[in-house]
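Enquirer: Residue numbers (the working numbering), protein chains in the order written: chain X, 1 to 346; chain C, 1 to 346. Cβ coordinates follow ideal geometry from the N, Cα and C atoms, glycine included.
There are 2 protein chains.
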Amino acid sequence: MATLTERRQRKRRVTLLDLAEDLGLSTSTVSRAFDKDAVIAPATRDAILKRAAELGYAPNPMARSLITKSTGIVGIFVTDITNPFYPEVLTKLTAGLQSIDLKVMLTVADSSEDADDQLRLLLSYQPDVVVVLAAVLSSEAIEACRNAGTPVVFFNRRPADARALGVTCDNVGGGILVADHLIGLGHRKLAFVAGRADTSTNIDRWEGFSSRCVERGIPAPRRFDAGYFSYDGGYQAAHVLMNDPQPPDAIFCANDILAIGLMDCLRREYDIAIPGDISVVGFDGISMASWPSHALTTVRQPVEKMCAFTIDLVKKLCQGKALKPRIERIPGELIERETTTRGVNA
Amino acid sequence: MATLTERRQRKRRVTLLDLAEDLGLSTSTVSRAFDKDAVIAPATRDAILKRAAELGYAPNPMARSLITKSTGIVGIFVTDITNPFYPEVLTKLTAGLQSIDLKVMLTVADSSEDADDQLRLLLSYQPDVVVVLAAVLSSEAIEACRNAGTPVVFFNRRPADARALGVTCDNVGGGILVADHLIGLGHRKLAFVAGRADTSTNIDRWEGFSSRCVERGIPAPRRFDAGYFSYDGGYQAAHVLMNDPQPPDAIFCANDILAIGLMDCLRREYDIAIPGDISVVGFDGISMASWPSHALTTVRQPVEKMCAFTIDLVKKLCQGKALKPRIERIPGELIERETTTRGVNA
DNA sequence: CTGAAAGCGCTTACAG
DNA sequence: CTGAAAGCGCTTACAG
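#1: What in chain C is Cβ-close to G56 (chain X), meaning under 7 Å?
#2: Can you check DSSP and say which residues form a bridge with M105 (chain C)?
#3: If you draw a straight line from the C-alpha of L165 (chain X) to the C-alpha of L177 (chain C), how long is it?
#4: Tell me whether the segment 235 to 243 of chain X and the segment 202 to 216 of chain X touch, counting them as touching only if at least three CB pairs, one residue from each stretch, are closer than 8 Å.
#5: Evaluate I67 (chain X) with the Cβ neighbour count: other Cβ atoms within 10 Å of its Cβ, from every protein chain shown; 16 or more gives buried, anything less gives exposed.
#6: I'd like to know whether the C-beta of T339 (chain C) is nearer than 8 Å to at least one C-beta of chain X.
#7: With I278 (chain C) and A250 (chain C) assumed to form a contact (beta carbons below 8 Å), what rounded beta-carbon distance in angstroms separates them?
#8: State the DSSP-derived secondary structure class of T340 (chain X), mapped to helix, strand or coil.
#9: Beta carbon of V240 (chain X), beta carbon of F229 (chain X): below 8 Å?
#10: Taking 8 Å as the CB-CB cut-off, is K103 (chain C) touching chain X?
#11: Taking the straight line between their C-alpha atoms, what separation do you get for D110 (chain X) and S290 (chain X)?
#12: In this structure, does DSSP put I142 (chain X) in helix, strand or coil?
#13: In the DSSP output, which residue or residues are listed as bridge partners for L123 (chain X)?
#14: Please go through the segment 148 to 180 of chain C and give each complete beta strand (DSSP E) segment of 3 or more residues, from N-terminal end onward.
#15: Bridge partners for D117 (chain C) per DSSP, in chain order?
#16: What are the boundary residues of the alpha helix (DSSP H) that I327 (chain C) is part of?
#17: Does any residue of chain C have a CB that is nearer than 8 Å to the CB of R10 (chain X)?
#18: Per DSSP, what are the beta-bridge partners of C253 (chain C) in this structure?
#19: Using the Cβ count rule (16 or more neighbours within 10 Å means buried), how would you classify Q126 (chain X)?
#20: Can you tell me whether DSSP reads S210 (chain X) as helix, strand or coil?
#21: Smallest Cα separation from G276 (chain C): which of C:G285, C:P248, C:V131, C:Q301?
#22: Between R7 (chain C) and L323 (chain X), what straight-line distance do the alpha-carbon atoms span, to the nearest angstrom?
#23: Less than 8 Å between the beta carbons of T310 (chain X) and I335 (chain X), yes or no?
#24: Mapping the DSSP letters down to three states, classify R32 (chain X) as helix, strand or coil.
#25: If contact means a Cβ-Cβ distance below 7 Å, which residues of the segment 83 to 99 of chain C contact chain X?
#26: In chain C, which residues lie less than 8 Å from D264 (chain X) when you measure between Cβ atoms?
#27: Which same chain residues, not among the five before or five after M105 (chain C), have their C-beta less than 8 Å away from its C-beta?
#28: Which residues of the segment 105 to 119 of chain X have a Cβ closer than 8 Å to any Cβ of chain C? Give them in chain order.
#29: How would you label T339 (chain X), buried or exposed, when you count the other beta carbons within 10 angstroms and need 16 or more for buried?
#30: Using a Cβ-Cβ cutoff of less than 7 Å, which residues in the same chain neighbour G217 (chain C) once the five nearest sequence positions on both sides are dropped?
#31: Which stretch, first to last residue, makes up the alpha helix (DSSP H) that contains D22 (chain X)?
#32: Reducing DSSP to helix, strand and coil, say where R216 (chain X) ends up.
#33: Under 8 Å between the Cβ atoms of V108 (chain C) and I81 (chain C)?
#34: Between A38 (chain C) and chain X, is the shortest Cβ-Cβ distance under 8 Å, so that the two count as touching?
#35: Please state the DSSP three-state secondary structure of Q9 (chain C).
#36: What does S279 (chain X) pair with, by DSSP beta-bridge criteria?
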């Protein structure tokens, strides 16, 4: 690989000036060949592009960004990537962004203390936009973005500070879907297993679920806090739930991975039949949920649409459009599989 | 978010010159304050850093890179991210790189035609190093990196062109571990389910597994090609395998996700007991494999070590060190769980 | 339609 | 230890 000589060659890639001299043109003209909107004779452009390809020349985005104030970089800021929902989203988003010639700079924040520093570092690279995936930004962080003049779009999170741009699944609506499904099946002793309590996804799903129960005259669902959106969280929650004096006959888990952890514990350690003894519903629609080993009834998030919407937002923002703060909510869809069945009251 | 006014503010972030004027110093001196190795009076540096923090100044990496020929960017190039092994790796790698002040530019290539274009785009951003995750680069692509003078490190792939830098699990050794385990259990009718046949991981695991069988005087394992390292691949392979005149009593799947798909099909569609009727072993050690729903015996890849090694490689490369082409192989570890048990010949 | 010139925000020899 | 000056690779008014 990089021997010292190679490193040195590196310092000498072909430059706009090289190309200009080679062609006997000015740098201005050559530069224009790479800007689709520039005024330039078609023949000139063709010749330049042709020679550029031969010489392996491509404009240096760093140098360009110094002048244009636009880097073509979109920062993606992620925390909780252990949830299998996100790799899929990350891939789709990245691929979509690539297809409109944007590059993705990835930032992962493990802890929230770390998050602010990482965001600052990201911002120093002047991304045109930052997309926040499943993370809550501190108000300092939001302030930092504002100062940098970098627009932020939220994916799957509705920040407390309502004045934000983004897209989520209709989580309240999803919670309602689940309540209706379970109640329709005849279940009356409902429970909710929460993930991270302070996330909007958790809040909204609970809100939709619990308020719908009240609305339909069903006893308010009991609530158990797993604390995290994770397999282990679900597994532990099952213990708490089974030691409760009034175990439920149907459980809505705030997301799929929680549900899968919960079911594994229920079946293995308590010999509970699902759906025989207890019905379980998740949320997300990760592909794993469709596998026979889980066959989980769930609310599928409209990932395609959410990604497309995000990419469209990013594109507009990159074009410098002014967008009104607004969180788009796209409805999810209940997918009935094998973890829910008629309850005793059906 | 970005109203037009905000976009305009963006064009005016505080610059090195602003800071210099504010402090009545030259830009040279101010610049030196941000270079730990520069000669500068400690008191001067402190004053500069203090004021910089107040003004929210941070050096513009783009401008800097123009001169230093080093961007602080490492490109990560990924294809097959559906394998749950990779999100974990991607996260660890990114976090590790962040901790040494490097930024990650993520590139995902869906198809291999796309791959070359994407790589070229990535290269145009002048990453100091590119890390290739679970992908095979075309020889044109490798050539493009060489021309750009960008060192490449391979993670979990050993390119056919042996002159490369990188790290993998000891896949041959892992295959041997599996053969010994299965043979030790008394199994004699062994099978191998391959993922993508042309990947080095697949080749090496098969090589270790099959050659060890021969070595120990066991009938050569039959081989079934799933074609992909995926759940669906494993699921389909199970059909092929069950329609074979000589079904095996133990199966080594080239990776965990393949094994999980295979088991789901075997249990659901053929009512096969695992490990009662057939033992199954995977490879990777993804966390899912440890869940009671799968409890898969597998070879765990030394992810921590592999990531640490990669990060170290990247760091050295960024420092301009010349490194000899060499693929480091780190041994994996067989984790015995509940999908393997004594065979009839035990 | 093309070119000469200025400048984006930095760093780095070179003097002092 | 600090500063004046050149220059990294581009783009963009401004002339022509």
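Expert: Considering the structure as presented:
#1: The answer, in chain order, is N147.
#2: X:M105, C:G75.
#3: Rounded to whole angstroms, the separation of the alpha carbons of L177 (chain C) and L165 (chain X) is 52 Å.
#4: No: the two stretches stay apart, fewer than three of their Cβ pairs being nearer than 8 Å.
#5: Label assigned to I67 (chain X): exposed.
#6: No, no contact with chain X.
#7: Indeed, because the Cβ distance is near 7 Å, the residues count as touching under 8 Å.
#8: Coil, per DSSP.
#9: At a Cβ-Cβ threshold of 8 Å, V240 (chain X) and F229 (chain X) do not count as neighbours.
#10: Yes, because at least one Cβ of chain X sits closer than 8 Å to the Cβ of K103 (chain C).
#11: In this structure, the alpha-carbon of D110 (chain X) lies about 29 Å from that of S290 (chain X).
#12: Helix at I142 (chain X).
#13: None; L123 (chain X) has no bridge partner.
#14: Listed in chain order, the beta strand (DSSP E) elements of length 3 or more contained wholly in the segment 148 to 180 of chain C are 152 to 155, 165 to 169.
#15: Partner residues in a beta bridge of D117 (chain C), as assigned by DSSP, do not exist.
#16: Note, I327 (chain C): premise wrong, no alpha helix (DSSP H); beta strand (DSSP E) at 326 to 330.
#17: Note that R10 (chain X) scores 48 on pLDDT, short of 50, meaning its location in the model is unreliable; the coordinates nonetheless yield the value given after this. Judged by the 8 Å Cβ criterion, R10 (chain X) is in contact with chain C.
#18: C253 (chain C) is bridged to C:V193.
#19: Buried is the call here.
#20: Here S210 (chain X) sits in helix by DSSP.
#21: Residue nearest to G276 (chain C) within the set C:G285, C:P248, C:V131, C:Q301 is C:P248 (criterion: CA-CA distance).
#22: At R7 (chain C), the pLDDT of 40 sits below 50, so the modelled position is not reliable; the number obtained from the coordinates is stated separately. When rounded, the distance between both Cα atoms is 11 Å.
#23: Contact: no.
#24: Helix at R32 (chain X).
#25: P84, P87, T91, T94, A95, Q98: these are the residues of the segment 83 to 99 of chain C whose beta carbon lies less than 7 Å from some beta carbon of chain X, given in chain order.
#26: The answer, in chain order, is W291, P292, S293.
#27: The beta carbon of M105 (chain C) sits closer than 8 Å to those of I73, V74, G75, I76, L122, Y125, P127, all from its chain and outside the five residues before and after it, given in chain order.
#28: Considering only beta carbons, the part of the segment 105 to 119 of chain X lying closer than 8 Å to chain C consists of M105, L106, T107, V108, D110, Q118, in chain order.
#29: That one is buried.
#30: So no residue of the chain qualifies.
#31: Element bounds for D22 (chain X): 16 to 23.
#32: In the structure shown, R216 (chain X) sits in coil (DSSP, three-state: anything other than H, G, I, E or B).
#33: Yes, the Cβ-Cβ distance between V108 (chain C) and I81 (chain C) is below 8 Å.
#34: No, A38 (chain C) lies away from the interface with chain X (no Cβ there is under 8 Å from its Cβ).
#35: Because Q9 (chain C) carries a pLDDT of 42, less than 50, the predicted location of this residue cannot be relied on, and the following value inherits that uncertainty. It is helical.
#36: Paired residue(s): X:A250.
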